[in-house]
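Peer 1: Once you've had a glance at the structure underneath, I'll fire off some questions.
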Amino acid sequence: MKQVKSAVFDSVFVLFITGVFQHHSHHPQQGYGHSVQSPPHSMQRVYRALYDYAAQDHDEVSFRDGDVIVNAQPIDEGWLFGTVQRTGRSGMLPANYVQSLH
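With mature numbering (1 follows the signal peptide of the UniProt record, and there is no 0) applied, the sequence shown covers -22 to -1, 1 to 80.
Put into structure tokens, the structure is as follows:
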């Protein structure tokens, strides 16, 4: 079951979604009004880590120099939300530690 957390950054509302929905029956799940979809491929940003980064909080993600960050989206001045391809972990990361590959 997904865990949904929310946070406010300079008047921007952001949902952090972790985990994976698992559906094992043909009956609709109750309690969910809509599904969350990934942005279209053309909108997904890919970055490469320039330095190692150790997460400082539970909503951040650690990565190593050279790691590829996928599905990255800006969430606040200087911060992105993305997934480290090597580990599969998602979270916030500092934008000045990565470089866009697009």
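For each residue, glycine too, the CB sits at the ideal point set by N, CA and C.
All of these numbers come straight from a predicted model, not from anything done at the bench.
Helix, strand or coil for TYR75? Go by DSSP, reduced to three states.
Peer 2: For this step, residue 75 is matched to residue 97 along the sequence shown. Note: TYR75 maps to helix in three-state DSSP.
Peer 1: Might you give, ordered along the chain, the residues of its own chain that have their beta carbon closer than 7 angstroms to the beta carbon of VAL62, omitting 5 neighbours on each side?
Peer 2: For the purposes of this step, residue 62 is taken as residue 84 along the sequence shown, with counting starting at 1. Contacts found: VAL39, PHE41, ASP45 and ILE47.
Peer 1: Looking at the structure shown, is THR61 part of a helix, part of a strand, or coil, going by DSSP?
Peer 2: Taking the first residue of the sequence shown as position 1, residue 61 is located at position 83. In the structure shown, THR61 sits in a strand (DSSP, three-state: E or B).
Peer 1: Around the C-beta of MET27, are 16 or more other C-beta atoms found within 10 angstroms, so that it is buried, or is it exposed?
Peer 2: What you label residue 27 is simply residue 49 of the sequence shown in a count that begins at 1. For clarity, residue 27 is Ala in the given sequence; the question names Met instead. It is buried - the Cβ of ALA27 has at least 16 other Cβ atoms within 10 Å.
Peer 1: Just to confirm my understanding: we take ASN74, look at its own chain, exclude 5 residues before and 5 after, and list those with CB closer than 8 angstroms. What are they?
Peer 2: Looking up residue 74 in the sequence shown gives position 96. Around ASN74: GLY56.
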